[in-house]
Amino acid sequence: MLRISVRCRISASTMKECIDAITAVVDEGRLKISEEGFRLRAVDPANVAMVSFELSSDAFEEFEFEEEEELEVGIDFVKLSSIIDMGKGETAELEFDTEKHKLYTKLGSLAYTISLLDPSTIRKEPKVPELDLPVQVVIEADVFRRAIRAAEKIGDHILLGVDGDVFYMETESDTDKVRFELGKEQLIDIIPGVVRSMYSLEYLSAMSKGLSRADHITLSIGKDYPLRIDFELADGYAHVSYLLAPRIEAE
Amino acid sequence: MLRISVRCRISASTMKECIDAITAVVDEGRLKISEEGFRLRAVDPANVAMVSFELSSDAFEEFEFEEEEELEVGIDFVKLSSIIDMGKGETAELEFDTEKHKLYTKLGSLAYTISLLDPSTIRKEPKVPELDLPVQVVIEADVFRRAIRAAEKIGDHILLGVDGDVFYMETESDTDKVRFELGKEQLIDIIPGVVRSMYSLEYLSAMSKGLSRADHITLSIGKDYPLRIDFELADGYAHVSYLLAPRIEAE
Amino acid sequence: MLRISVRCRISASTMKECIDAITAVVDEGRLKISEEGFRLRAVDPANVAMVSFELSSDAFEEFEFEEEEELEVGIDFVKLSSIIDMGKGETAELEFDTEKHKLYTKLGSLAYTISLLDPSTIRKEPKVPELDLPVQVVIEADVFRRAIRAAEKIGDHILLGVDGDVFYMETESDTDKVRFELGKEQLIDIIPGVVRSMYSLEYLSAMSKGLSRADHITLSIGKDYPLRIDFELADGYAHVSYLLAPRIEAE
Chain A
41 MLRISVRCRI
51 SASTMKECID
61 AITAVVDEGR
71 LKISEEGFRL
81 RAVDPANVAM
91 VSFELSSDAF
101 EEFEFEEEEE
111 LEVGIDFVKL
121 SSIIDMGKGE
131 TAELEFDTEK
141 HKLYTKLGSL
151 AYTISLLDPS
161 TIRKEPKVPE
171 LDLPVQVVIE
181 ADVFRRAIRA
191 AEKIGDHILL
201 GVDGDVFYME
211 TESDTDKVRF
221 ELGKEQLIDI
231 IPGVVRSMYS
241 LEYLSAMSKG
251 LSRADHITLS
261 IGKDYPLRID
271 FELADGYAHV
281 SYLLAPRIEA
291 E
Chain B
41 MLRISVRCRI
51 SASTMKECID
61 AITAVVDEGR
71 LKISEEGFRL
81 RAVDPANVAM
91 VSFELSSDAF
101 EEFEFEEEEE
111 LEVGIDFVKL
121 SSIIDMGKGE
131 TAELEFDTEK
141 HKLYTKLGSL
151 AYTISLLDPS
161 TIRKEPKVPE
171 LDLPVQVVIE
181 ADVFRRAIRA
191 AEKIGDHILL
201 GVDGDVFYME
211 TESDTDKVRF
221 ELGKEQLIDI
231 IPGVVRSMYS
241 LEYLSAMSKG
251 LSRADHITLS
261 IGKDYPLRID
271 FELADGYAHV
281 SYLLAPRIEA
291 E
Chain C
41 MLRISVRCRI
51 SASTMKECID
61 AITAVVDEGR
71 LKISEEGFRL
81 RAVDPANVAM
91 VSFELSSDAF
101 EEFEFEEEEE
111 LEVGIDFVKL
121 SSIIDMGKGE
131 TAELEFDTEK
141 HKLYTKLGSL
151 AYTISLLDPS
161 TIRKEPKVPE
171 LDLPVQVVIE
181 ADVFRRAIRA
191 AEKIGDHILL
201 GVDGDVFYME
211 TESDTDKVRF
221 ELGKEQLIDI
231 IPGVVRSMYS
241 LEYLSAMSKG
251 LSRADHITLS
261 IGKDYPLRID
271 FELADGYAHV
281 SYLLAPRIEA
291 E
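Chains as they are written, first to last, in this note's numbering: chain A, 41 to 291; chain B, 41 to 291; chain C, 41 to 291.
The structure is reproduced here in structure tokens:
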């Protein structure tokens, strides 16, 4: 007998952009499901990056939750992403069977069954550190991604900073340098200040792919401090927040 | 002096789709040429798959056959495919010189000369086994190919079956499963029954590329029995038939 | 204090096609800059191919040259190409700082700083040999490139020849041959003759990419003699000339 705890239907492309935002940081995670929808918080294996993800049940065409309490299931998001990929333009039906530890995914004529992971084998949900990040920049997701791609041609680290009401990104190698700079009028919004921190470009590059389906993103920057990137997906029904630890800047 | 046995002209893209249907199973083969056109029957090196191919001389803009009897020439189809590839939108002129063992291919301003293979170095034409395959499914080529791609994400083998008037394809790994299922109303046609057989996904994947230019395909399925796939190319002037040996299903 | 010797602005895509014409032969080179514009002459490391490049200052939206004499700077063109790539549809601003040995490139909000190479570490500008090449063929760049691609499927060397007013390219392997042939009416122009020379296909293939943005090219051919290819880029403001040493033809 099936023991279906959750049964829901959502546009496959919406689900795909949500999963891709998660896999930018972790391959697998503990997904928490309640009447409110999905949520997840996970850190990458090296403890450098964190993703917080919330998808409201309002994003779903149908959302049935049969449990008393919030449910926790372990998901291989990389595998789920490759499956959802088969359903372009279709509606995905997801059913979580907590008895048999299976996730059933229907995409039109295709029915996938994948095993849920044992949550106890996955790292615990991290605590979100309290951060004091007064300086903020709101920028188009495309523009940010292009700046990251430009930096990748030069180096491995990237400086993000705000100087007054100018936002900049800078990458240096022994011989070369690239600086990306936007003034107030080129940004969607800015809370000015004077801050800068250095980050690993590898992590930011992965994040810039994870946020590529967003319209705009909010960068919260401090002085030698973690970076927070907030953005919405799924027509505003999903909220994603990345945290990225700074690298110590060599003076 | 040239000794041209066959001289013919055909749309390069038509020729290309025919060759690709052959190279899905074998790299080279013995092509038989007569007034009727081209035909070929070949098995893959592992004796798992067979292709039967017939292209009517009516598919050609011009078809001159100067011999008394059917001619047999050895062809490297992979090489011929890469050559024909240069002629998108053009007419291909093929001349078989059985004296010099050459195939001359003209594509506009390009003239290729490739050596014919000695037919005696190529495996003999196989006998087509008598098969009793009463259950048939007619399905769009695109839909079949998509189901194969979905299965590739999960495993190495695939079960094809009919249960009443439902056609299904199923692939399992240790932890995951994908099932593709179409009812009578979603199929172009079905001769119902209860059969199922397991096949190597690697071979079916190659075949699904070979048939991708067909509109629809006919699957003839038995119980732990070879699979036959029939389809037409070249606006109906070419008929292709694949046979694929079953894998023994582990119970 | 900055010491800017040259400051200029040019369409990024125009700059890109010029750089790609250079990198078809060399990765780095000594660029000479004067009031007239840019010029460069370089041979590849194996001494088989040479590129001569001239870009008129009229191709630039702005061109400020502050020196008394012609300036020589060492450029890593492969790196510059990957940078200019970020500026599709934009204007590139280039500033050469000969004090700090830097090239500043601005593409919208992106500012790249790359180090100039020490010209003394780069091979000296070669002398252009005096060549007597009476036979010429003018052909569309696309057609030439397609013929090169066709030849790549067969062999490593290519024969270029003119026989009367027919231009041909021929490549042979042990078993196969491809011949590309255009008569007078299919060529833009021809100065007829009877000549042929063999060249390395690897070099010609790189050159065929370097000239792919040209409309047409002029081939000057001799008998077992270097090949010269002339073409224009940047709406006629750039002139490029390739020289390629012949291979001795095995008889």
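Using N, Cα and C, we set each Cβ at its ideal position, and we do this for glycine too.
- Interface criterion met: the Cβ of Ile-123 of chain B is under 8 Å from a Cβ in chain C.
- In this structure, Lys-128 of chain A places its C-beta atom within 8 Å of the C-beta atom of Ser-53 of chain A.
- Around Glu-75 of chain B, the same chain offers Ser-97, Phe-105 as residues with beta carbons nearer than 7 Å, after the five sequence neighbours per side are excluded.
- Contact between the stretch 281-289 of chain C and the stretch 249-267 of chain C is present: three or more C-beta pairs spanning the two stretches fall below 8 Å.
- A distance below 8 Å separates the beta carbons of Leu-111 of chain C and Ser-45 of chain C.
- Spanning the alpha carbons of Thr-153 of chain C and Ile-123 of chain C requires a straight line of approximately 10 Å.
- Contact note: Arg-219 of chain A reaches chain C through Ala-151, using a C-beta cutoff of 7 Å and chain order.
- Between Lys-167 of chain A and chain C, the shortest Cβ-Cβ separation is not below 8 Å.
- Within the stretch 64-88 of chain B, no residue has a Cβ lying closer than 9 Å to any Cβ of chain A.
- Ile-188 of chain C is bridged by DSSP to nothing; it lacks a bridge partner.
- Note that the C-beta distance between Val-202 of chain C and Ile-261 of chain C is below 8 Å.
- Interface annotation for the stretch 178-200 of chain B against chain A: Val-183, Arg-186, Ala-187, Arg-189, Ala-190, Lys-193, Ile-194, criterion Cβ-Cβ distance under 8 Å.
- Annotation for His-256 of chain B: Val-178, Ile-179, Glu-180, Ala-181, Ile-228, Phe-271 place their beta carbon closer than 8 Å to its own, counting only its chain and skipping 5 residues before and after.
- For Ser-160 of chain A, none of the residues of chain B pass the 9 Å Cβ criterion, the least Cβ distance being about 17 Å.
- For Asp-216 of chain C, the neighbours in chain B by C-beta distance under 8 Å run, in chain order, Lys-119, Tyr-152, Thr-153, Ile-154, Ser-155.
- The Cβ of Met-247 of chain A sits no closer than 8 Å to any Cβ of chain B.
- Proximity to Asp-125 of chain B across C:Tyr-144, C:Pro-169, C:Phe-184, C:Arg-189 peaks at C:Arg-189, based on C-alpha coordinates.
- Scanning the stretch 99-176 of chain A from its first residue to its last, the whole alpha helix (DSSP H) runs of 4-plus residues come out as 117-124.
- Residue pairing by DSSP puts Val-46 of chain B in a beta bridge opposite B:Phe-105, B:Phe-136.
- Taking 8 Å as the Cβ-Cβ cut-off, the stretch 222-233 of chain A approaches chain C at Leu-222, Gln-226, given in chain order.
- Looking from the CA of Gly-69 of chain C, the closest CA among C:Asp-158, C:Leu-251, C:Ala-274 belongs to C:Asp-158.
- A distance below 7 Å between beta-carbons, with the five flanking residues on each side excluded, links Glu-102 of chain A to the following residues of its chain, in chain order: Cys-48, Arg-49.
- Inclusion of Ala-132 of chain B and Met-55 of chain B in the CB contact set at 8 Å is warranted, their separation being smaller than that value.
- Around Ser-248 of chain B, the same chain offers Phe-184, Arg-185, Ile-188 as residues with beta carbons nearer than 7 Å, after the five sequence neighbours per side are excluded.
- In the three-state reduction of the DSSP assignment, Asp-182 of chain C falls in the helix class.
- In the structure shown, the three-state DSSP call for Ser-281 of chain A is strand.
- In chain order, Arg-253, Leu-273 place their CB closer than 6 Å to the CB of Glu-57 of chain A, counting only its own chain and leaving out the 5 sequence neighbours on each side.
- For the pair of segments examined, the stretch 221-237 of chain B was found to touch the stretch 205-212 of chain B: the number of CB pairs separated by less than 8 Å reaches three.
- By the rule that beta-carbons nearer than 8 Å mark a contact, Met-238 of chain B does not touch chain C.
- In this structure, the CA atom of Glu-107 of chain A is about 40 Å from the CA atom of Gln-176 of chain A.
- Residue nearest to Asp-67 of chain B within the set B:Phe-78, B:Ser-51, B:Arg-43, B:Leu-120 is B:Leu-120 (criterion: CA-CA distance).
- Met-238 of chain B has B:Leu-199, B:Arg-287 as its beta-bridge partners, per DSSP.
- Cα atoms of Ser-237 of chain C and Arg-163 of chain B: separation of roughly 42 Å, rounded to the nearest angstrom.
- Not a single C-beta of chain B is nearer than 8 Å to the C-beta of Met-55 of chain A.
- With a cutoff of 8 Å on beta-carbon distance, Ala-191 of chain A and Leu-241 of chain A are scored as near each other.
- By the 16-neighbour rule on beta-carbons within 10 angstroms, Gly-276 of chain A is exposed.
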